[in-house]
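Chains as they are written, first to last, in my numbering: chain A, 81 to 199; chain B, 81 to 199.
In what follows, a structure is listed as structure tokens, so that the remarks can point back to it.
Protein chains: 2
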Amino acid sequence: MKLRKHYTCPLELAHDLIKGKWKTIIIFQLRHGKRSFSELMREIKGITQKMLLEHLRELREVGLIDKKSYPGYPLKVDYFLTPRGEKMLEAVNILQDIGISYLTEQEFSGFAVEKRTED
Amino acid sequence: MKLRKHYTCPLELAHDLIKGKWKTIIIFQLRHGKRSFSELMREIKGITQKMLLEHLRELREVGLIDKKSYPGYPLKVDYFLTPRGEKMLEAVNILQDIGISYLTEQEFSGFAVEKRTED
DNA sequence: CCGTATCCGATCCGATACTG
DNA sequence: CAGTATCGGATCGGATACGG
């Protein structure tokens, strides 16, 4: 996700910052501080190596996260939120709350599982 | 954007709610109350009729907005945020602030225009 | 004024294999 | 452990035309 040259609207830019299936989840996982690549792989269910690396790189390119590499073997890299990322975390936390409310409340858990009557 | 049957993570669901190029912008445009379809078309630069209708329908299906149709000609329909939409607006407002900060600050306005030296 | 349908290129994302 | 490359199906979104 390269940012475009021009944006006519701040929200278009901001939405591009978190575009992609995993970006908000990555930001949320970094809420308590740094995480290595392998920790993120373990904590984020269902993500592939390719997707995680790609989204990490993009988040870095737009300045929401940064990383620190430690020399030597085994390789070790820590990813962490920048101040901009911390600000984005505020929005992500709200999204998290909204997601929980949808998963919790009857009205939409019924809808979210498409009237499953079995199990 | 139909919601899936199951989500392993609230953020995956929440991100789906605002997935798509225009959803956050539509929510933001409804921040001060109801808007007719044609008002939204006028206010949201660059959007096509198809995209606006499609995103309005999807936002409605997931319960972030609702609409009220008035009988008679010319047709008139008002769209407005539901309580869930108002909650989502809190996140969108933060995104808006972040977008503004990116467009404003030197570091990223330079980056956002990809080192353009002409014009 | 509001809503639907279709076509088609662009992008996204998962699987998989390979490198330092 | 961390990162790169490629391929192919699925989805997204713009243009355009048509309908109530």
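All residues carry an ideal CB built from backbone N, CA and C; glycine is no exception.
Does the beta-carbon of residue 165 of chain B have 16 or more other beta-carbons within 10 angstroms, so that it is buried, or is it exposed?
-> Within the second sequence, residue 165 of chain B is the residue found at index 85, counting from 1. Buried, because 16 or more other Cβ atoms sit within 10 Å of the Cβ of residue 165 of chain B.
Checklist line | Rounded C-alpha distance that separates residue 137 of chain B from residue 151 of chain A | finding: Here residue 137 of chain B refers to the residue found at position 57 of the second sequence. Here residue 151 of chain A refers to the residue found at position 71 of the first sequence. Their backbone Cα atoms lie some 52 Å apart in a straight line.
Exercise. For residue 46 of chain A, does the three-state DSSP call read helix, strand or coil?
Worked result: Outside the displayed range of chain A (81 to 199) lies residue 46 of chain A, so it cannot be described from this structure.
**OP:** Only counting runs of 3 or more residues, tell me where the beta strand (DSSP E) segments fall wholly within the stretch 112-192 of chain B, in order along the chain.
**Re:** Listed in chain order, they are 145-150 and 156-161.
* Going by alpha carbons, who is nearest to residue 144 of chain A out of A/121, A/131 and A/96? -> Working through the first sequence from its first residue, we reach residue 144 of chain A at position 64. Of the listed residues, the one whose Cα sits closest to residue 144 of chain A is A/96.
message = Can you check whether the C-beta of residue 165 of chain A is within less than 8 Å of a C-beta belonging to chain B?
response = Your numbering for residue 165 of chain A matches position 85 in the first sequence. False, the Cβ-Cβ gap to chain B never drops below 8 Å.
Exercise for review: Spell out whether any CB of chain A is found under 8 Å from the CB atom of residue 108 of chain B.
Suggested key: Position 28 of the second sequence, counting from 1, holds the residue named residue 108 of chain B. Cβ-Cβ to chain A under 8 Å: yes for residue 108 of chain B.
My output table needs one value for residue 104 of chain A: the three-state DSSP class, helix, strand or coil.
Translated into positions along the first sequence, residue 104 of chain A becomes position 24. Residue 104 of chain A: helix per DSSP, three-state reduction.
inquiry  = Residues of chain A with CB closer than 8 Å to the CB of residue 104 of chain B, please, in chain order.
reply    = Numbered from 1 along the second sequence, position 24 holds the residue referred to as residue 104 of chain B. Taking a Cβ-Cβ cut-off of 8 Å, the neighbours of residue 104 of chain B in chain A comprise 91, 94 and 95, given in sequence order.
Would residue 175 of chain A pass as an interface residue toward chain B - the criterion being a Cβ-Cβ separation below 8 Å?
In the first sequence, residue 175 of chain A corresponds to position 95, counting from 1. Output row for residue 175 of chain A: interface = yes.
Q. Closest by CA to residue 174 of chain A, which one among B/167, B/82 and B/149?
A. The sequence position of residue 174 of chain A within the first sequence is 94, counting from 1. Of the listed residues, the one whose Cα sits closest to residue 174 of chain A is B/167.
Run through DSSP, which three-state label would residue 110 of chain B get?
Stepping through the second sequence from its first residue, residue 110 of chain B is reached at position 30. Coil, per DSSP.
Q. Name the residues in the stretch 115-149 of chain A whose C-beta lies less than 7 Å from a C-beta of chain B; which are they?
A. Hits within the stretch, in order: 125, 126 and 143.
Note to self: Please report the distance separating the alpha-carbon of residue 121 of chain A from that of residue 106 of chain A.
What the structure shows: Reading the first sequence from its first residue, position 41 is the one you call residue 121 of chain A. Reading the first sequence from its first residue, position 26 is the one you call residue 106 of chain A. Those two C-alpha atoms are separated by around 10 Å.
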